[in-house]
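**Student:** Take a look at this one; I'll ask things after.
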Amino acid sequence: MKNMKGRSAGYIALTLTSILWGTTWVASKIGIREMPVLQMTAIRQLLAGLIMVGYFMLRKGSSIPNRKQFRQIFFLSLFMFVFANGLSTWSLMYIPAGLSALLGALYPLSVVLIEFLFFRKKGPDMLMSTGFILGILGVAIVFYENISVELTGAFLSGISLSLGAMLSWSMGTIFITNIKMELNPYYST
2 MKNMKGRSAG
12 YIALTLTSIL
22 WGTTWVASKI
32 GIREMPVLQM
42 TAIRQLLAGL
52 IMVGYFMLRK
62 GSSIPNRKQF
72 RQIFFLSLFM
82 FVFANGLSTW
92 SLMYIPAGLS
102 ALLGALYPLS
112 VVLIEFLFFR
122 KKGPDMLMST
132 GFILGILGVA
142 IVFYENISVE
152 LTGAFLSGIS
162 LSLGAMLSWS
172 MGTIFITNIK
182 MELNPYYST
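Residue numbers (our numbering): 2 to 190.
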């Protein structure tokens with residue numbers, strides 16, 4: 002019975018994460034109509050950070066990170082929040098939110114490829130390669146409609162910013178998996 006409760010909680014968490022994360026691009030697209038991109042992104046990240054840190058310090062009794070941990074958090078924040086979220090939000094000035102979200106969803110592919118090409122990690126097996134091909138084909142099918150209509154400098158800038166965001170998030174993911182953080186893992190989110 003306990004296993005079922007844990008499994009249900011996991012499915013609920015996954016569903017909420019998917020909904021909240023998936024609507025981020027749409028909410029950001031609406032937000033950048035009302036204020037400058039970097040200002041909106043900075044406010045969003047500051048509020049989220051204060052809520053997370055406040056929750057873990059007050060509710061969970063976590064301590065403030067030490068100097069070494071702050072250094073790790075700083076580099077992680079550069080990759081995952083400043084560059085990834087900043088570039089992703091900036092891309093919304095030039096491309097539809099759905100396309101930016103779709104490109105952002107490719108990040109697991111880039112993590113595996115970056116680790117294989119640059120860090121000599123195990124390459125994708127047949128099943129994973131099939132998943133990559135299907136994922137890329139799916140993106141190509143969705144992307145194809147936009148290519149034929151909007152192949153402009155601004156559109157290409159949006160695509161480049163979104164891909165840069167995806168690569169930056171991937172590098173942050175690789176960074177966090179390759180360092181030994183003696184810190185509550187939620188601080189790294």
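Beta carbons are placed, not taken as given, at the ideal position from N, Cα and C, and that holds for glycine.
These figures come from a predicted structure and were not determined experimentally.
Along the chain, where does the alpha helix (DSSP H) that runs through residue 69 open and close?
**Tutor:** 68-78
**Student:** Which residues mark the beginning and the end of the alpha helix (DSSP H) in which residue 106 is found?
**Tutor:** Premise fails: residue 106 is in no alpha helix (DSSP H) and is neither H nor E.
**Student:** So what's residue 124 in DSSP terms, helix, strand or just coil?
**Tutor:** Three-state result, residue 124: coil.
**Student:** Following the continuous alpha helix (DSSP H) through residue 49, name the residue where it begins and the one where it ends.
**Tutor:** 38-59
**Student:** In whole angstroms, give me the CA-to-CA distance for residue 59 and residue 50.
**Tutor:** 14 Å
**Student:** Which word fits residue 30, buried or exposed, when buried means at least 16 other C-beta atoms lie within 10 angstroms of its C-beta?
**Tutor:** Buried is the label assigned to residue 30, since at least 16 other Cβ atoms lie within 10 Å of its Cβ.
**Student:** List the endpoints of the continuous alpha helix (DSSP H) containing residue 65.
**Tutor:** Careful: residue 65 lies outside any alpha helix (DSSP H) and carries neither H nor E.
**Student:** From what residue to what residue does the alpha helix (DSSP H) around residue 153 run?
**Tutor:** Residue 153 -> no alpha helix (DSSP H), and no H or E assigned at all.
**Student:** Whether or not the region 164-178 and the region 106-114 are in contact is what I'm after, with contact meaning three or more pairs of Cβ atoms, one per stretch, closer than 8 Å; do they touch?
**Tutor:** Judged by Cβ distances under 8 Å, the region 106-114 makes contact with the region 164-178, as three or more pairs qualify.
**Student:** Under three-state DSSP, which class holds residue 167?
**Tutor:** helix
**Student:** Thinking residue 93 and residue 175 are a contact (beta carbons under 8 Å), I'd like their distance in whole angstroms, please.
**Tutor:** With a Cβ gap of about 25 Å, residue 93 and residue 175 do not count as contacting.
**Student:** Just curious, the alpha helix (DSSP H) that residue 88 is in, first and last residue?
**Tutor:** 87-92
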